[in-house]
Amino acid sequence: MSIRSRITLIFLAVATVFSATAQNDTRSVQHYDPIDYSAVQRQLDRASRPTFGQRLGDILTQPLSQSERLSLTGRLGVAYTQETNLAITAAATASYPSKSANPNDVQLSAMVSVNGFFNIRAIGNNYFGTESRHHLQYQISGGTLPIRFWGLGYEAADNNPRTKYTRHDVNGSLRYYFDFGGGIRVGAGADFDFGKTAEFTPEAETYLAASGQTRRSLYTTAIGLGADLDRRDNPYTSTSGYRIALYGEVRPKALGNFHKTLWHWTIQADYFLSLWRGGVMALDLYGDMWSHSTPWLLWPSAGGDSRMRGYYYGRYTDRKMITAQAELRQTIYGPIGISVWGGAGSLFDRWSDFDASQILPNGGVGLRLASGNRTTLRIDYGFGRHSSGVIINVNEAF
98 MSIRSRITLI FLAVATVFSA TAQNDTRSVQ HYDPIDYSAV QRQLDRASRP TFGQRLGDIL
158 TQPLSQSERL SLTGRLGVAY TQETNLAITA AATASYPSKS ANPNDVQLSA MVSVNGFFNI
218 RAIGNNYFGT ESRHHLQYQI SGGTLPIRFW GLGYEAADNN PRTKYTRHDV NGSLRYYFDF
278 GGGIRVGAGA DFDFGKTAEF TPEAETYLAA SGQTRRSLYT TAIGLGADLD RRDNPYTSTS
338 GYRIALYGEV RPKALGNFHK TLWHWTIQAD YFLSLWRGGV MALDLYGDMW SHSTPWLLWP
398 SAGGDSRMRG YYYGRYTDRK MITAQAELRQ TIYGPIGISV WGGAGSLFDR WSDFDASQIL
458 PNGGVGLRLA SGNRTTLRID YGFGRHSSGV IINVNEAF
């Protein structure tokens, strides 16, 4: 019962006592009806109800997570890479309860840059079971990127003059994982990829013809299996532990517009070691390998914001890529930290074509500005063979 209701009830009780006392003092003999306590309770209930204005105020001031059991967060920022130049980013995340220990979430993000690049992406996670044993991941994205082009393969990237074309991509994936406990997960998934090129210069046409690649568009659908062993202390800012992830997929020719069935494997192995106060050594090994008949629109490339940082993404590209990097991360003061890394990578067509003289070196330094345990602003400067660049992004590279 509210304080207002209690005060009203006390007031009525006191008034009743005074009324009975006055009647006894005058010694007047008269008949009176007994008190209808149910009527009094109804009056108290009406008095204790909030007014329309109060209810409206409660709705406007109550957090959404309490009123709807839904948490909404938004983020607006900037990003920079050699490929996109300066870009504006925006993201909105909705987290809502599940019957398991982990909350479900959906994120919608967009990025637009000054050079004509744009990308829109939606990703989500759903957990099922009281111990989050069942995990469903999904994502869909699409965008356009004007990109520089040197040709295909190591020799072309090393020697050809730069030209350009525009690339349009739409990608989607669905993954299901079962958690056995102890960081062990096994699952299956499906992927869809669509790629189309436009605005080829005459030089770009010549480079493709020299490589025997004439396809300008492609769509494929993949069916895959994966396994993940994750023993990290924190998936966002890891300071100890390790992770090993393996995923393999087949892309049947019947589920795309390419005349051959394609095979694809990725493997990632990370290790984190706490060295001293605020110091962490992070190691990363990565492989991205496609079958020999894979068309160029699906080939991996050195560069980007995670591996071989500082290389222009798309300059060095081939059907198989392996990379290794070691990064020292050191907290300086409060949320401020720095990093320094070194690594190498190689891209080639077949395993028999691997050439140690064509290994690409990589290194760089970075600044970190932490905001909580899950978000870190990362500013990196990376360099390598014929390439260097700045990367501004969120969270660690791996």
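Letter by letter, the sequence shown follows residues 98 to 495 of the working numbering.
All C-beta atoms in this analysis are idealised placements derived from N, C-alpha and C, irrespective of residue type, glycine included.
If you're wondering where the values come from, they're calculated on a predicted model, not measured in any experiment.
Around the Cβ of Val377, are there at least 16 other Cβ atoms within 10 angstroms (buried) or fewer (exposed)?
-> Here residue 377 is taken as the residue at index 280 of the sequence shown, counted from 1. Buried: at least 16 other Cβ atoms inside 10 Å.
Residue from Arg272, Leu271, Thr241, Asp255 with nearest C-alpha to Arg264 = Taking the sequence shown and counting its residues from 1, one reaches residue 264 at position 167. Nearest option by C-alpha distance: Thr241.
Report the rounded CA-to-CA distance for Ile429 versus Gly375, giving the unit in angstroms.
-> Taking the first residue of the sequence shown as position 1, residue 429 is located at position 332. Taking the first residue of the sequence shown as position 1, residue 375 is located at position 278. Cα to Cα, the separation comes out at about 8 Å.
In this structure, does DSSP put Pro458 in helix, strand or coil?
-> Mapped onto the sequence shown, residue 458 falls at position 361. In the structure shown, Pro458 sits in a strand (DSSP, three-state: E or B).
May I ask you to report which of helix, strand or coil DSSP gives Trp448?
-> Here residue 448 is taken as the residue at index 351 of the sequence shown, counted from 1. If DSSP states are grouped into helix, strand and coil, Trp448 belongs with the helices.
Please list, in chain order, all residues of the same chain as Asp330 whose beta carbon is under 7 Å from its beta carbon, the five residues on each side excluded.
-> Locating residue 330 in the sequence shown gives position 233, where the first residue counts as 1. Residues Thr336, Ser337, Gly338 of the same chain have their beta carbon placed closer than 7 Å to that of Asp330, with the five preceding and five following residues left out of the count.
List in chain order: all unbroken alpha helix (DSSP H) runs of 4+ residues lying wholly within the segment 246-311.
-> 251-256, 299-307
Taking Pro392 and Leu315 to be in contact with their CB atoms under 8 Å, please state how far apart those CB atoms are, rounded to whole angstroms.
-> Against the sequence shown, residue 392 aligns to sequence position 295. Against the sequence shown, residue 315 aligns to sequence position 218. Correct: roughly 6 Å between the Cβ atoms.
Under a Cβ-count criterion, where at least 16 other Cβ atoms within 10 Å of its own Cβ denotes burial, should Lys350 be classed as buried or exposed?
-> To locate residue 350, count along the sequence shown from 1; it is residue 253. Classification of Lys350: exposed, given that the 10 Å Cβ count is below 16.
Out of curiosity, what's the CA-to-CA distance linking Ser210 and Asp255?
-> In the sequence shown, counting from the first residue as 1, residue 210 sits at position 113. In the sequence shown, counting from the first residue as 1, residue 255 sits at position 158. Roughly 28 Å between the two C-alpha positions.
Identify the continuous beta strand (DSSP E) that holds Met208 and give its terminal residues.
-> Mapped onto the sequence shown, residue 208 falls at position 111. Segment 201-210, the beta strand (DSSP E) holding Met208.
Taking Leu457 and Ala399 to be in contact with their CB atoms under 8 Å, please state how far apart those CB atoms are, rounded to whole angstroms.
-> On the sequence shown, position 360 is the one that residue 457 refers to. On the sequence shown, position 302 is the one that residue 399 refers to. That belief holds up - the Cβ atoms of Leu457 and Ala399 are roughly 6 Å apart, short of 8 Å.
Give the straight-line distance between the Cα atoms of Gly225 and Ala342, rounded to the nearest whole angstrom.
-> In the sequence shown, residue 225 corresponds to position 128, counting from 1. In the sequence shown, residue 342 corresponds to position 245, counting from 1. Residue identity differs from the one stated: residue 225 is Phe in this sequence, not Gly. Between Phe225 and Ala342, the C-alpha separation is close to 22 Å.
6 Å Cβ shell around Tyr235 - same chain, five flanking residues per side excluded = Residue 235 sits at position 138 when you count from the first residue of the sequence shown. Excluding residues within five positions, the ones whose Cβ falls inside 6 Å are Gly221, Leu271.
Cβ atoms of Phe214 and Pro258: under 8 Å apart, would you say?
-> The residue given as residue 258 occupies position 161 in the sequence shown. The residue given as residue 214 occupies position 117 in the sequence shown. Not in contact: Pro258 and Phe214 (Cβ atoms no closer than 8 Å).
Comparing the C-beta of Gly292 with each C-beta of chain D, is any distance below 8 Å?
-> Judged by its chain identifiers, the structure shown contains no chain D, having just a single protein chain.
Host beta strand (DSSP E) of Gln365 (start-end) | Here residue 365 refers to the residue found at position 268 when the sequence shown is read from its first residue. Segment 359-373, the beta strand (DSSP E) holding Gln365.
So, Gly321 versus Asp288, is the Cβ gap smaller than 8 Å?
-> Here residue 321 is taken as the residue at index 224 of the sequence shown, counted from 1. Here residue 288 is taken as the residue at index 191 of the sequence shown, counted from 1. Yes; because the gap between Cβ atoms is below 8 Å, this pair is in contact.
Identify whether Leu167 lies in helix, strand or coil by the three-state DSSP scheme.
-> Start at 1 with the first residue of the sequence shown, and residue 167 comes out as number 70. In the structure shown, Leu167 sits in coil (DSSP, three-state: anything other than H, G, I, E or B).
Pull up the DSSP beta-bridge partners for Leu352, would you.
-> Stepping through the sequence shown from its first residue, residue 352 is reached at position 255. Paired residues: none, contrary to the question.
Among Asn212, Arg172, Tyr177, which has the Cα closest to the Cα of Ala187?
-> Residue 187 sits at position 90 when you count from the first residue of the sequence shown. Of Asn212, Arg172, Tyr177, the residue nearest in Cα terms is Arg172.
Can you tell me whether Ser436 is buried or exposed, with buried defined as 16 or more other CB within 10 angstroms of its CB?
-> Translated into positions along the sequence shown, residue 436 becomes position 339. So Ser436 counts as buried.
Extent of the continuous beta strand (DSSP E) to which Gly321 belongs | In the sequence shown, the residue the question calls residue 321 occupies position 224. Element bounds for Gly321: 314-327.
Taking C-beta to C-beta, are Met418 and Asp385 nearer than 8 Å?
-> Position 321 of the sequence shown, counted from the start, is the residue given in the question as residue 418. Position 288 of the sequence shown, counted from the start, is the residue given in the question as residue 385. Contact: yes.
Mark Tyr333 as exposed unless 16 or more other C-beta atoms lie within 10 angstroms of its C-beta, in which case mark it buried.
-> For the purposes of this step, residue 333 is taken as residue 236 along the sequence shown, with counting starting at 1. So Tyr333 counts as exposed.
Status (buried if at least 16 other CB within 10 Å, exposed otherwise) for Ser527 = An answer regarding residue 527 cannot be provided, because it is not within the stretch 98 to 495 covered by the chain.
Have a look at Ala191 and Thr181 and give me their C-alpha separation to the nearest angstrom.
-> As a working note, residue 191 is residue 94 in the sequence shown. As a working note, residue 181 is residue 84 in the sequence shown. Cα to Cα, Ala191 sits roughly 27 Å from Thr181.
Pairing CB atoms from the segment 292-307 with CB atoms from the segment 433-448, are three or more of them under 8 Å?
-> no
Just the C-alpha distance for Tyr273 and Tyr177, rounded to the nearest angstrom, thanks.
-> Reading the sequence shown from its first residue, position 176 is the one you call residue 273. Reading the sequence shown from its first residue, position 80 is the one you call residue 177. Going by the C-alpha atoms only, they are around 32 Å apart.
State yes or no: is the C-beta of Ala301 within less than 8 Å of the C-beta of Thr260?
-> On the sequence shown, position 204 is the one that residue 301 refers to. On the sequence shown, position 163 is the one that residue 260 refers to. Yes, they are a contact pair.
Considering only the beta carbon of each residue, do Asn492 and Met405 sit closer than 8 Å?
-> Numbered from its first residue, the sequence shown carries residue 492 at position 395. Numbered from its first residue, the sequence shown carries residue 405 at position 308. No, the pair does not count as a contact, with Cβ atoms beyond the cut-off.
Just the Cα atoms here: how many angstroms apart are Gly461 and Gly407?
-> For the purposes of this step, residue 461 is identified with residue 364 of the sequence shown, where counting begins at 1. For the purposes of this step, residue 407 is identified with residue 310 of the sequence shown, where counting begins at 1. Using only the alpha carbons, I get a separation of about 8 Å.
Under the three-state DSSP convention, the category Pro160 falls into | In the sequence shown, the residue the question calls residue 160 occupies position 63. Any reading at Pro160 is ruled out, since the residue's pLDDT is 44, under 50, leaving its predicted position unreliable.
Less than 8 Å separating the beta-carbons of Gly279 and Gly323?
-> Translated into the one-based positions of the sequence shown, residue 279 becomes position 182. Translated into the one-based positions of the sequence shown, residue 323 becomes position 226. No; because the gap between Cβ atoms is not below 8 Å, this pair is not in contact.
Helix, strand or coil: which one does DSSP assign to Ala187?
-> Stepping through the sequence shown from its first residue, residue 187 is reached at position 90. DSSP places Ala187 in strand when its eight states are reduced to three.
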